[in-house]
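J.: Right, I'll just put the structure down here and ask away after.
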Amino acid sequence: MSTQIQPFQENFNAGEFGERMHARVQFEKYINAGAEFKNILPLPQGGWTHRPGFRYIADAKSASVRPWLIPFIFSSSQAYCLEAGANSLRFFRNQAPIVAADTNAAITNGTFASNVTGWTARVSGSGSSVGHDSTNGDMNLVADGSGNESRAYQAVTTSQTGVEHVVRFKVVGDAGDVITVRVGSGAGGSQYLADAKKFTGWHTIAFTPGASPFYLEFENSQSKTISIDDVSVIDNTAVEITTPWSESDLPNLSFAQSADVIYFCIGGSTRPYRLERYGHSSWSLIEVLFYDGPWEAVNTTATTLTLGATTGNGVAVTASAVTGINDDAGFIATDVGRLIRWKDAANDWTWMQITAVGGTTAVTVDIKGANASATTATTNWRLGKWDDANGWPAVVGFIQQRLGFGNTTSYPQTFWLSKSADIENFADEDKDGDVQSDSAIDYRFAALQVNTIRWFAMRKKPVIGTQGGNWTLRSDGAVLTPTDIAADFEVSGGAARIQPMEVRSRLLFVQSQSRKLVEFADVLQDSGVQGFDSFDLTLL
64 MSTQIQPFQE NFNAGEFGER MHARVQFEKY INAGAEFKNI LPLPQGGWTH
114 RPGFRYIADA KSASVRPWLI PFIFSSSQAY CLEAGANSLR FFRNQAPIVA
164 ADTNAAITNG TFASNVTGWT ARVSGSGSSV GHDSTNGDMN LVADGSGNES
214 RAYQAVTTSQ TGVEHVVRFK VVGDAGDVIT VRVGSGAGGS QYLADAKKFT
264 GWHTIAFTPG ASPFYLEFEN SQSKTISIDD VSVIDNTAVE ITTPWSESDL
314 PNLSFAQSAD VIYFCIGGST RPYRLERYGH SSWSLIEVLF YDGPWEAVNT
364 TATTLTLGAT TGNGVAVTAS AVTGINDDAG FIATDVGRLI RWKDAANDWT
414 WMQITAVGGT TAVTVDIKGA NASATTATTN WRLGKWDDAN GWPAVVGFIQ
464 QRLGFGNTTS YPQTFWLSKS ADIENFADED KDGDVQSDSA IDYRFAALQV
514 NTIRWFAMRK KPVIGTQGGN WTLRSDGAVL TPTDIAADFE VSGGAARIQP
564 MEVRSRLLFV QSQSRKLVEF ADVLQDSGVQ GFDSFDLTLL
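For what it's worth, the numbering used here labels the leading residue of the sequence shown as 64, then goes sequentially.
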């Protein structure tokens, strides 16, 4: 006669065991595990609870595009969820989308498809004008020459004074170009929105007009041509800005936040962007102009570079030969946006950004660094490491008091750390050519295999996940410096291009084949030395 035995099971918190564990009845946690947990969550105390339900917040922007959700947490009372879609970014707060009010206001001719009708010019100086860019469909604010100012404004009628309005627009120019936008009760007024500097990129601005019409004005005083496009009032719909990222880019989008700013990068020919928050409905996504670097090695050929002026925008730079420039091909179209570091006759370095390529030996630049002492030809020059051909960084993160980038097309296993406490400055030397303790850091992993960088993380030591395994950074002093930095290879197995998550004191990351969840943790080795190891969390 057989007796059926039903053992008492008081715990259910060992989770689900895979099929390969079903016969391991003597395994200590076996009695507390399940073959399938459906719609329940195990509790640390041993029992379980029903899986919580979902709350409908809003539809995604498009039913055919898979959005990705990104946290933007400034404080416990100011937190947002970003919905990244195909070339779009929307904003959620307090479990609801941020929606602009119904104002019945509209911009006349904000796309500039064929002209600039509807906009009034207000210029200062003979070199200033407002025109139409028929090639790109933009409104050009031309301010050629020092002291010139180009402005364009429009009177906008609204039926909802005293209600917040949100205007969206795009600034078209080189990275670092800036315009001023203001909103007032008359042309040039700023009663409703004080002068706000907006860089190249996409923007939304929120303001509350006290009368109708209100006057929206854009101003360029940067001694060059900068354009405006896609001006509109966001009326009774979700606040949204345009982005350069397609749907296929979103899974690989790397981001890192500091206070009201979050940096994004994707790599390839797309440069990094910076998202800035100015209010619940006021956001800016701008192209980042990195200050003074990072750089290739100093030129060792006989090729000289000569400046057409010692300062200003639109300065001609002429090379004596193509040797040493882009593998002896000379300047190429993808050099637009690339930086040049140039040593003047006083042995001081300055730097500039290429804004146009006129030929293999001729480019136009905006001088961003200190004024040169003379325009004299010199062989002492360096080209920037980042551009559309060599690639822009694909990974971003913060390490100590530095902003870190890694993994470009030409340098997949190199990372760069900004100057200490100056996070967009990548100068590895000062103007005299000397390396300082707070200078930027340029570091390449030395390994037998390619260790393409996947992510950055901070624990007791900085951790960098790569295709081949995880590395930690160390220094003999208190902080990393250009002359005091070393990288230790800790564990193999590799990491996927998915940002890791810190849980208590452990770092969880996805293995390179995206099939396993791995724990990266401190361990005490047999020798008594503190080290690191990884543990497969999906083993059971």
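Cβ coordinates follow ideal geometry from the N, Cα and C atoms, glycine included.
Could you pull out every unbroken beta strand (DSSP E) segment of at least 3 residues lying fully inside the region 228-269, listed in chain order?
T.: Counting only runs of 3 or more, we get 228-235, 241-247, 256-262.
J.: Give me the Cα-Cα distance between Gly531 and Met84, rounded to the nearest whole angstrom.
T.: Counted from its first residue, the sequence shown places residue 531 at position 468. Counted from its first residue, the sequence shown places residue 84 at position 21. One C-alpha to the other measures close to 29 Å.
J.: Is it buried or exposed, Lys233, if we count other Cβ atoms within 10 angstroms and call 16 or more buried?
T.: Along the sequence shown, one-based indexing puts residue 233 at 170. Label assigned to Lys233: buried.
J.: How would you call Gln89, buried or exposed, if buried means at least 16 neighbouring beta carbons within 10 angstroms?
T.: Residue numbering aside, residue 89 sits at position 26 when the sequence shown is read from its first letter. Gln89 should be labelled exposed.
J.: Buried or exposed, going by whether 16 or more other CB atoms sit within 10 Å of the CB of Phe598?
T.: Counting from 1 along the sequence shown, the entry for residue 598 is found at position 535. Exposed, since its Cβ has fewer than 16 Cβ neighbours within 10 Å.
J.: By Cβ distance below 7 Å, which residues in the same chain neighbour Thr601 in space, the five residues on each side in sequence not counted?
T.: Sequence index remark: in the sequence shown, residue 601 carries index 538 (1-based). Lys579, Leu580.
J.: Leaving out five residues on either side along the sequence, give the residues of the same chain with a beta carbon under 6 Å from the beta carbon of Trp182.
T.: Taking the first residue of the sequence shown as 1, we reach residue 182 at position 119. Result list for Trp182: Ala215, Gln217, in chain order.
J.: Would Val241 and Gln285 be called neighbours here (beta carbons separated by less than 8 Å)?
T.: Taking the first residue of the sequence shown as position 1, residue 241 is located at position 178. Taking the first residue of the sequence shown as position 1, residue 285 is located at position 222. Cβ distance < 8 Å, so Val241 and Gln285 count as in contact.
J.: Can you have a look at Ser347 and say buried or exposed, based on whether 16 or more other CB atoms are within 10 angstroms of its CB?
T.: Within the sequence shown, numbered from 1, the residue matching residue 347 stands at position 284. Its Cβ being crowded by 16 or more others within 10 Å, Ser347 is buried.
J.: Using only the alpha-carbon positions, how far apart do Gly208 and Gly375 sit?
T.: Your numbering for residue 208 matches position 145 in the sequence shown. Your numbering for residue 375 matches position 312 in the sequence shown. Approximately 9 Å, taken between the alpha carbons.
J.: Does the distance from the CB of Gly371 to the CB of Val380 come in under 8 Å?
T.: Translated into the one-based positions of the sequence shown, residue 371 becomes position 308. Translated into the one-based positions of the sequence shown, residue 380 becomes position 317. Cβ atoms of Gly371 and Val380: closer than 8 Å.
J.: Compute the distance between the beta-carbons of Thr424 and Ala392, then report whether it is under 8 Å.
T.: Numbered from its first residue, the sequence shown carries residue 424 at position 361. Numbered from its first residue, the sequence shown carries residue 392 at position 329. Not in contact: Thr424 and Ala392 (Cβ atoms no closer than 8 Å).
J.: If we count the other Cβ atoms within 10 Å of its Cβ and call it buried at 16 or more, is Val586 buried or exposed?
T.: Walking along the sequence shown from the start, residue 586 turns up at place 523. Exposed, since its Cβ has fewer than 16 Cβ neighbours within 10 Å.
J.: Thinking C-alpha only, which one of Ser481, Asn172, Arg87 is nearest Pro357?
T.: Here residue 357 corresponds to residue number 294 of the sequence shown, with the count starting at 1. Checking every option, the nearest Cα to that of Pro357 belongs to Ser481.
J.: Would you decide whether Ile486 is buried or exposed? Buried here means 16 or more other CB atoms lie within 10 Å of its CB.
T.: The residue labelled residue 486 in the question sits at position 423 within the sequence shown. The residue in question, Ile486, is buried, as its Cβ has 16 or more Cβ neighbours within 10 Å.
J.: Rounded to a whole number of angstroms, what is the C-alpha to C-alpha distance between Ser151 and Met202?
T.: Residue mapping note: residue 151 aligns to position 88 of the sequence shown, counting from 1. Residue mapping note: residue 202 aligns to position 139 of the sequence shown, counting from 1. Spanning the two alpha carbons is a distance of roughly 22 Å.
J.: Consult DSSP for Ile304 and reduce its assignment to one of helix, strand or coil.
T.: Locating residue 304 in the sequence shown gives position 241, counting from the first residue. Three-state result, Ile304: strand.
J.: For Ser483 and Trp518, what's the separation of their Cα atoms in angstroms?
T.: Taking the sequence shown and counting its residues from 1, one reaches residue 483 at position 420. Taking the sequence shown and counting its residues from 1, one reaches residue 518 at position 455. One C-alpha to the other measures close to 20 Å.
J.: Are the Cβ atoms of Leu459 and Gly467 separated by less than 8 Å?
T.: Here residue 459 is taken as the residue at index 396 of the sequence shown, counted from 1. Here residue 467 is taken as the residue at index 404 of the sequence shown, counted from 1. Strictly speaking, residue 459 in this sequence is Val, with Leu absent from that position. The answer is yes: Cβ separation under 8 Å.
J.: Do Ile325 and Ser338 count as a contact pair if the criterion is CB distance below 8 Å?
T.: The residue given as residue 338 occupies position 275 in the sequence shown. The residue given as residue 325 occupies position 262 in the sequence shown. Rather than Ser, the amino acid found at residue 338 in this sequence is Leu. Yes, the pair counts as a contact, with Cβ atoms nearer than the cut-off.
J.: Would you call the CB atoms of Asp429 and Asp196 closer than 8 Å?
T.: Numbered from 1 along the sequence shown, position 366 holds the residue referred to as residue 429. Numbered from 1 along the sequence shown, position 133 holds the residue referred to as residue 196. The answer is no: Cβ separation not under 8 Å.
J.: Can you have a look at Tyr336 and say buried or exposed, based on whether 16 or more other CB atoms are within 10 angstroms of its CB?
T.: By one-based count along the sequence shown, residue 336 stands at place 273. Under this definition Tyr336 is a buried residue.
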